[in-house]
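For reference, the structure is listed below as structure tokens.
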Amino acid sequence: MAERTGLQSELKKRGPFASLEQEAMLNLLRASDQFQNRFGRLFREYGLTSSQYNILRILRGEGKPLPSLEIADRMIQVVPAITGLIDRLQEAGMVTRRRCETDRRVVYVDLTDKARSLLTDLDEPVLELHRDLLGHLSRTELKELVQLLEKARVPLGTTSPES
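For the numbering used here, count along the sequence shown from 1 and bump the result up by 8.
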């Protein structure tokens, strides 16, 4: 009988995986789910979802208002209802909206001071969670992980083959 892998034991899977690709994919999905749960808990403490935090982070990083569709293109996770997320952030006083004067279809979204303050409060806890989740890896391992994940996304057309 072949020795069980870490994920195989964790999932209490009796037989081997159908392929190494399947085992790698399931490991990615399992890790992603566990990481998302930890980040979700952190953001809930501050009254946000992961997607709402992502929108605020994008706006802060840009340093100026962005069209809502541009925000949607930059999201880590694809969200089908960017308008609803922005609605909830606006209701919470985190963002403002302004229609473009030359093209009324375009809506610019900007951070409020309340959102900037919240993001500042979140900066250290987010970095600490990054360290908690991946700090056991060496810098070399982290760089290799980044390269491998970028390479894994090549067939999806979301990154270049040179990565």
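From the three backbone atoms N, C-alpha and C, an ideal C-beta is built for every residue, glycine too.
Own chain partners of residue i with C-beta closer than 8 Å, once the 5 adjacent residues on each side are dropped
| i | result |
| --- | --- |
| Met-9 | The pLDDT assigned to Met-9 is 42, lower than 50, so where the model puts this residue is not dependable, and the model offers no usable value. |
| Arg-65 | Leu-127 |
| Val-87 | Ser-59, Ala-80 and Leu-93 |
| Val-103 | Ile-63, Leu-64, Leu-67, Ile-94, Leu-97, Val-117, Asp-118, Leu-119, Thr-120 and Ala-123 |
| Ser-27 | none |
CA nearest to the CA of residue i, picked from the options
| i | options | result |
| --- | --- | --- |
| Arg-124 | Leu-67, Arg-96, Met-83 and Pro-75 | Leu-67 |
| Pro-73 | Met-83, Arg-106, Gly-48 and Glu-132 | Arg-106 |
| Thr-57 | Gly-143, Ala-160, Leu-130 and Lys-159 | Leu-130 |
| Val-114 | Lys-20, Leu-37 and Glu-78 | Glu-78 |
| Arg-161 | Glu-18, Leu-15 and Met-33 | Met-33 |
Residues of its chain near residue i, where Cβ-Cβ distance is below 7 Å and the 5 sequence neighbours each way are ignored
| i | result |
| --- | --- |
| Gly-101 | Thr-120 and Lys-122 |
| Gly-165 | none |
| Ile-84 | Asn-62 |
Residues bridged to residue i [DSSP beta-bridge criterion]
| i | result |
| --- | --- |
| Tyr-116 | Pro-75 and Arg-106 |
Proximal residues to residue i (C-beta, below 6 Å), its chain only, five neighbours per side dropped
| i | result |
| --- | --- |
| Ile-90 | Ser-76 and Ala-80 |
| Lys-110 | Note on residue identity: the sequence assigns Thr, not Lys, to residue 110. Hits under 6 Å: none found. |
8 Å contact criterion, which residue i and residue j should meet: CB distance rounded
| i | j | result |
| --- | --- | --- |
| Arg-46 | Leu-141 | 7 Å |
| Leu-37 | Leu-137 | Actually they do not touch by this definition, with Cβ atoms about 20 Å apart. |
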